[in-house]
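K.L.:
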Amino acid sequence: MTSTLRPSPDEWDVVSAIRQIKVLARRLDPEYDCSSAVGEVLTRVEPSERKSIVQELYHLALRQRVKVATLVDLTTGLEELASYAERGELEEAAMLFDDMALQARLGSQLLKAVVLSRVSLAGASMGAQGSSMEGSER
Numbered sequence: 570m571t572s573t574l575r576p577s578p579d580e581w582d583v584v585s586a587i588r589q590i591k592v593l594a595r596r597l598d599p600e601y602d603c604s605s606a607v608g609e610v611l612t613r614v615e616p617s618e619r620k621s622i623v624q625e626l627y628h629l630a631l632r633q634r635v636k637v638a639t640l641v642d643l644t645t646g647l648e649e650l651a652s653y654a655e656r657g658e659l660e661e662a663a664m665l666f667d668d669m670a671l672q673a674r675l676g677s678q679l680l681k682a683v684v685l686s687r688v689s690l691a692g693a694s695m696g697a698q699g700s701s702m703e704g705s706e707r
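In terms of this note's numbering, the sequence shown is residues 570 to 707.
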């Protein structure tokens with residue numbers, strides 16, 4: 570009996586590609602643009618599997634939005650803190666903002682990967698159409 574928690578061999582490439590893209594998107598260097606690396610990952614999966622990857626990346630980006638919104642909610646009491654508040658409270662607020670920035674950055678990179686994936690999908694379908702047209706001209 571196979572576990573439903575484990576991807577099937579057919580799904581493994583998709584799961585592996587998504588993991589690789591998430592790792593790339595989490596890079597801490599703010600100047601890093603994961604587009605070329607994501608493109609390289611996408612070239613290793615079948616064009617038919619890219620649609621699943623695009624959908625999953627989009628859902629991951631939506632989850633990042635929820636995380637950012639939750640963190641924003643945690644800072645609603647910030648205006649009640651005076652500049653003379655306890656050091657720990659201010660440090661905690663600063664950490665919340667750091668986490669918001671990281672989560673927002675990850676969401677941004679994931680959406681950039683979605684855009685790149687869609688461009689890649691469009692190129693793949695155009696290439697397939699072009700090759701089928703070439704075959705019909707012969």
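In this text, a Cβ means the ideal position worked out from N, Cα and C, and glycines have one as well.
Identify, in the order they occur along the chain, each residue of the same chain with its Cβ nearer than 7 Å to the Cβ of VAL623, setting aside the five sequence neighbours on each side.
P.N.:
Result list for VAL623: VAL683, SER686, ARG687, LEU690, in chain order.
K.L.:
Whose CA, out of VAL584, ARG634, MET669, lies closest to the CA of SER621?
P.N.:
Minimum Cα distance to SER621 is reached at VAL584.
K.L.:
Roughly how many angstroms lie between the CA atoms of LEU640 and PHE666, to the nearest whole one?
P.N.:
Taking the straight line from one Cα to the other gives about 8 Å.
K.L.:
Taking the Cβ atom as the reference point for each residue, do LEU593 and LEU629 lie within a distance shorter than 7 Å?
P.N.:
In this structure, LEU629 does not lie closer than 7 Å to LEU593 by Cβ.
K.L.:
Please name the residue, chosen from LEU631, TYR653, LEU647, that lies closest to ALA663 on a Cα-to-Cα basis.
P.N.:
For the residues LEU631, TYR653, LEU647, the minimum Cα distance to ALA663 belongs to LEU647.
K.L.:
Within 10 angstroms of the Cβ of GLU538, are there 16 or more other Cβ atoms? Answer buried if so, exposed if not.
P.N.:
Nothing about residue 538 can be reported from this structure: the residues present for the chain run from 570 to 707 only.
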